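Novice: This is the structure I have questions about; it appears just below.
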Amino acid sequence: MPVWDTSVASGLRPEGKLLELAAVAALAGEPIRLAAPTVAEISYGLQRRSEDERFVRALDWFTEILGAGLLEVLPVSREAALVAGRLRALHPMPPSAGGRRAATGSKPERRVAWVADIQIAACAWLQGETLCTADERHFGLLSQGIGELFPQEGGLEVLPPPG
Amino acid sequence: MRYSDPMPTKNAKASTGRSKAVSRAAKQSGRGALRKGSRDSPASTARSSDRRTTLRVPRALDTEVSRVSRELGISGNEALVRLAARGAESARREREVRRVIERRHAAVMESGSFDASAAFPSEREIREAILADRD
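Protein chains in written order, with numbering that gives the first Met the number 0: chain A, 0 to 162; chain B, 0 to 134.
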């Protein structure tokens, strides 16, 4: 089963299409996977808006579906940490927005998000899974980087979001 | 507790059967003054009311018991009790750590009961909150 990047998993909501896909996969015994840094990005994003009760509810709901085992969480293993560190040395900065709408976060926050991308790529690649992402620009670059580091193994397979 | 911690005396008379090394160590550590029923008695303090038992000591453990007995100049029984006390302490700590781990995991995974009819942020709002830092 593919790994959903944060750009995909952030679309999970009750009665949404992504939840339905995740439920079908889980019932088939092959749950959709999220890398641990994606879980961190989602919980961070929801927690920082916790002054709004609706976001607290969204965080509760997300915690509940994780606890229920609807999604499988891939840890940042020893190997993933090694890959992520090497990948970050290769690409310390995210690729420039190239005329696209820039993120609203500060520069340091964007770098934190880039490190999360790197860890997500490392987790997915080590599992031999494809990564579903709406951010092909970032993950395309990281796939190349992994290919450079481990030419025998090939890079990370990147797919657009489901549906 | 370390196995080299001395087993304190029950009382002055009881020390006659113990090795001089233990008496010395007990005095040095200030534990020689511990009395029967003292609140800070270590687990390895044997009292006459304690359970007596006969047991077979596996060869591998016996090697360690003999080593400790030699190193500290104490009897084999005393060495065995000290090692057992140390093992009991480590088992207690493991249990405590397991309880802490379970409690903390439960605290993180605890969520308010979800009410499907309650207002939820829109998909766009959620995405913006989560992906704000991405280029």
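We put the CB at the ideal spot given by N, CA and C, even for glycine.
Computed from a predicted structure; not experimentally measured.
1) Any residues in the region 3 to 14 of chain A with a beta carbon nearer than 7 Å to a beta carbon of chain B? Which ones, in chain order?
2) Count the other CB atoms, across all protein chains shown, that sit within 10 Å of the CB of isoleucine 100 of chain B; report buried if there are 16 or more and exposed otherwise.
3) Between arginine 77 of chain A and the rest of its own chain, which residues show a CB-CB distance below 7 Å, the 5 nearest in sequence each way excluded?
4) Measure the alpha-carbon distance for asparagine 76 of chain B versus tryptophan 60 of chain A and round it to whole angstroms.
5) Going straight from the alpha carbon of alanine 117 of chain B to that of proline 107 of chain A, what length do you get?
6) Taking DSSP as the reference, what is the three-state secondary structure of aspartate 114 of chain B?
7) What are the boundary residues of the beta strand (DSSP E) that leucine 70 of chain A is part of?
8) Is alanine 112 of chain A close to chain B, meaning its C-beta is less than 8 Å from at least one C-beta of that chain?
9) Which partner residues does valine 157 of chain A have in the DSSP bridge list?
10) Grouping DSSP H, G and I as helix and E and B as strand, with all else coil, what is threonine 82 of chain B?
11) Name, please, each residue of chain A whose Cβ falls closer than 8 Å to the Cβ of alanine 131 of chain B.
12) What is the DSSP secondary structure of valine 2 of chain A, reduced to helix, strand or coil?
13) Bridge partners for arginine 32 of chain A per DSSP, in chain order?
14) 8 Å is my cut-off, CB to CB: does glutamate 93 of chain B come that close to chain A?
15) Please list the terminal residues of the continuous alpha helix (DSSP H) segment that includes glutamate 52 of chain A.
16) Short check: CB of threonine 37 of chain A to CB of serine 110 of chain B, under 8 Å?
17) Going by CA-CA distance only, name the one from A/Thr5, A/Ser9 and A/Trp113 that's closest to glutamate 124 of chain B.
18) When you compare the region 31 to 51 of chain A with the region 119 to 138 of chain A, are there three or more beta-carbon pairs, one atom per stretch, that lie closer than 8 Å?
Specialist: With the given structure in hand:
1) Thr5, Ser6, Ser9, Gly10, Arg12 and Pro13
2) The sequence position of residue 100 of chain B within the second sequence is 101, counting from 1. Isoleucine 100 of chain B should be labelled exposed.
3) As a position in the first sequence, residue 77 of chain A is number 78, starting the count at 1. Around arginine 77 of chain A: no qualifying Cβ.
4) Residue numbering aside, residue 76 of chain B sits at position 77 when the second sequence is read from its first letter. Residue numbering aside, residue 60 of chain A sits at position 61 when the first sequence is read from its first letter. So the two alpha carbons sit approximately 58 Å from each other.
5) For this step, residue 117 of chain B is matched to residue 118 along the second sequence. For this step, residue 107 of chain A is matched to residue 108 along the first sequence. Cα to Cα, alanine 117 of chain B sits roughly 35 Å from proline 107 of chain A.
6) To locate residue 114 of chain B, count along the second sequence from 1; it is residue 115. Of the three classes helix, strand and coil, the one that applies to aspartate 114 of chain B here is coil, per DSSP.
7) Taking the first residue of the first sequence as position 1, residue 70 of chain A is located at position 71. 70 to 73 is the span of the beta strand (DSSP E), which, as asked, contains leucine 70 of chain A.
8) Position 113 of the first sequence, counted from the start, is the residue given in the question as residue 112 of chain A. Interface residue, yes.
9) Within the first sequence, numbered from 1, the residue matching residue 157 of chain A stands at position 158. The partner list for valine 157 of chain A (beta bridge, DSSP) reads A/Leu130.
10) Locating residue 82 of chain B in the second sequence gives position 83, counting from the first residue. Per the sequence shown, residue 82 of chain B should be read as leucine rather than threonine. Leucine 82 of chain B falls in the helix class under three-state DSSP.
11) By one-based count along the second sequence, residue 131 of chain B stands at place 132. Within chain A, the residues near alanine 131 of chain B are Gly44, Ala102, Thr103, Gly104 and Glu108.
12) For the purposes of this step, residue 2 of chain A is taken as residue 3 along the first sequence, with counting starting at 1. Three-state DSSP puts valine 2 of chain A in a strand.
13) Mapped onto the first sequence, residue 32 of chain A falls at position 33. Beta-bridge pairing links arginine 32 of chain A to A/Val2 and A/Glu71.
14) Counted from its first residue, the second sequence places residue 93 of chain B at position 94. Chain A contact via Cβ: absent.
15) Position 53 of the first sequence, counted from the first residue, corresponds to residue 52 of chain A. Segment 52 to 66, the alpha helix (DSSP H) holding glutamate 52 of chain A.
16) On the first sequence, position 38 is the one that residue 37 of chain A refers to. On the second sequence, position 111 is the one that residue 110 of chain B refers to. In this structure, serine 110 of chain B does not lie closer than 8 Å to threonine 37 of chain A by Cβ.
17) Here residue 124 of chain B refers to the residue found at position 125 of the second sequence. Among A/Thr5, A/Ser9 and A/Trp113, the Cα nearest to that of glutamate 124 of chain B belongs to A/Ser9.
18) yes
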